[in-house]
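**Student:** Note that numbering that gives the first Met the number 0 has the sequence shown beginning at 0, numbered continuously upward.
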Amino acid sequence: MDSLLKPLISFTLRLWLGVWLLVWLSTLMPAHAIGVSVVLSSEHPSYSTVAEAIKQQLAPSVSLHEWQADTLPAALPEDDLLVAIGTKALKTLLQRNLQQPMLASFLPRRSYEETQQSFNHNGNISAVYLDQSMALQLRLIKQLAPHTKTIGSVFGPSSQADSARLYSAAYEQDLELHTVALNPDDNPIAVLQPIIEQSDLFLAIPDQSAFNRASAKWSLFIALRARKALIGFSEKYVDAGALAAVYSTPEQIGRQTAEAVDNYLENGIFPAPAHPRYFTVKINDSTARLIGWPIPNAEQLTRQLQEWMQ
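#1: DSSP state of Phe269, grouped into three classes?
#2: On the criterion of 16 or more Cβ atoms from any shown chain inside 10 Å, does Gly253 qualify as buried, or is it exposed?
#3: Does DSSP classify Thr147 as helix, strand or coil?
#4: How about the stretch 122 to 137 and the stretch 168 to 187: do they share at least three Cβ pairs that are nearer than 8 Å?
#5: Could you give the residue range of the alpha helix (DSSP H) that holds Lys87?
#6: Can you tell me whether Tyr277 is helix, strand or coil according to DSSP?
#7: Taking 7 Å as the limit between beta carbons, can you name the residues of its chain near Asp79, skipping five residues before and five after?
#8: Determine the closest residue to Ser104 out of Gln309, Arg276, Ala222, Ser152, with distance taken between C-alpha atoms.
#9: Which full runs of the beta strand (DSSP E) of 3+ residues lie inside the stretch 98 to 133, going along the chain?
#10: At the level of alpha carbons, what is the spacing between Ile290 and Arg224?
#11: Locate the beta strand (DSSP E) running through Ile33, then write down its first and last residues.
#12: Relative to the C-alpha of Phe278, which candidate in Ser132, Tyr111, Ala203 has its C-alpha closest?
#13: Tell me which residues share the same chain as Val237 and place their Cβ nearer than 6 Å to its Cβ, disregarding the 5 neighbours each side in the sequence.
#14: Flag this pair as yes or no: are the beta carbons of Lys141 and Thr147 separated by less than 8 Å?
#15: Quick one: what's Tyr246 bridged to in DSSP?
#16: For Ala68, which option in Tyr46, Ser40, Ser47, Leu75 has the closest C-alpha, if you only look at C-alpha atoms?
#17: Applying the criterion that 16 or more other CB atoms from any shown protein chain within 10 Å of the CB defines a buried residue, is Val61 buried or exposed?
#18: I'd like to confirm the pairing. Which residues does DSSP put opposite Leu200 in its beta bridges?
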């Protein structure tokens with residue numbers, strides 16, 4: 000009898016061990032590929048760079064679909080998490096009143112807030128902004144020129160809503176602001192010259208109105224002529240003559256976007272809408288020499304800002 004039971008018991012144990020092993024292995028493998036639909040506002044290289052950075056950061060098990068806002072299919076994969084690159088992509092998705100979780104990326108904070116309010120979307124949505132926080136820009140100024148007391152700035156038609164955030168950040172860092180509104184009918188020289196000359200330093204605020212291009216040109220001209228430092232908000236601004244700027248590249252925005260997607264896939268929630276965590280500081284050495292400032296070290300400034308953010 001024992002001779003019959005032993006093989007049976009051995010077979011049963013092997014069978015249960017095999018079943019248990021299959022169950023355990025199944026927990027390590029997803030039942031189906033997780034999907035993410037990335038929608039680009041246009042074919043502009045900057046949007047494509049953000050999308051490529053997202054792709055490089057995500058795990059191979061994530062199935063990535065890429066679309067253009069203008070050629071979006073009538074139906075997107077229903078289980079996909081949606082990522083909108085730029086303002087146009089966000090508007091295109093919100094117009095469809097989709098219920099899927101959505102992450103906006105590579106768009107100004109102002110654009111995100113206005114777009115979300117316009118469509119009254121209360122679903123699972125978050126954002127990685129393109130622009131830096133007012134607090135970070137002012138901190139850069141404090142590190143460039145610790146003895147700075149007064150900062151001049153001008154708000155255009157579309158940036159006026161940011162004034163409260165700038166005043167709050169200035170108060171936190173013990174800085175005095177001199178600001179004025181610049182409207183399309185104003186003479187830019189008449190508005191800009193007094194505010195630049197009366198301030199220790201001038202901070203340029205991005206404005207989406209077309210008039211912003213003229214104000215940028217004249218503010219640079221007046222500041223350089225008066226040998227005053229002007230802090231820009233982009234790499235191109237520094238190349239044009241601004242002393243410095245803190246900004247995020249498309250690759251850096253894509254990296255943070257991918258991390259937000261990973262957080263959702265792991266925990267079922269997005270991080271709160273946020274300004275970029277990864278950024279670059281650029282200095283115009285020629286401008287620093289022209290206005291008589293010691294030439295600062297961009298890498299050191301970047302490290303100091305990162306430490307301050309932590």
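We treat Cβ as the ideally placed atom computed from N, Cα and C, and that holds for glycine.
These figures come from a predicted structure and were not determined experimentally.
**Tutor:** Quick answer:
#1: DSSP places Phe269 in coil when its eight states are reduced to three.
#2: Burial check for Gly253: the Cβ neighbour count within 10 Å reaches 16 or more, so the residue is buried.
#3: Under the three-state reduction of DSSP, Thr147 is assigned to coil, being neither helix nor strand.
#4: Below 8 Å, enough C-beta pairs join the stretch 122 to 137 and the stretch 168 to 187 to call them touching: three or more.
#5: Counting along the chain, the alpha helix (DSSP H) containing Lys87 begins and ends at 86 to 94.
#6: Coil, per DSSP.
#7: In its chain, beyond the 5 residues on either side, Gly34, Val35, Ser36, His64, Gln99 have a beta carbon closer than 7 Å to the beta carbon of Asp79.
#8: When Gln309, Arg276, Ala222, Ser152 are compared, the shortest CA-CA separation from Ser104 is found for Arg276.
#9: Taking 3 residues as the shortest admissible run, the stretch 98 to 133 contains the following complete beta strand (DSSP E) segments, listed from N- to C-terminal end: 101 to 106, 124 to 128.
#10: Approximately 9 Å between the Cα atoms of the pair.
#11: From DSSP, the beta strand (DSSP E) with Ile33 extends over 33 to 39.
#12: The option with the nearest alpha carbon to Phe278 is Ser132.
#13: Non-local C-beta neighbours of Val237 in its own chain, meaning closer than 6 Å and more than five positions away in sequence, comprise Gly231, Ala244, Lys281, Asn283, ordered along the chain.
#14: Taking 8 Å as the Cβ cut-off, Lys141 and Thr147 qualify as a contacting pair.
#15: According to DSSP, which records beta bridges pairwise, Tyr246 is partnered with Thr279.
#16: Taking the Cα of Ala68 as reference, the smallest distance to any Cα among Tyr46, Ser40, Ser47, Leu75 is reached at Ser40.
#17: A residue is called buried once 16 or more other Cβ atoms fall within 10 Å of its Cβ, and Val61 is buried on that count.
#18: Its beta-bridge partners are Ile150, Ala228.
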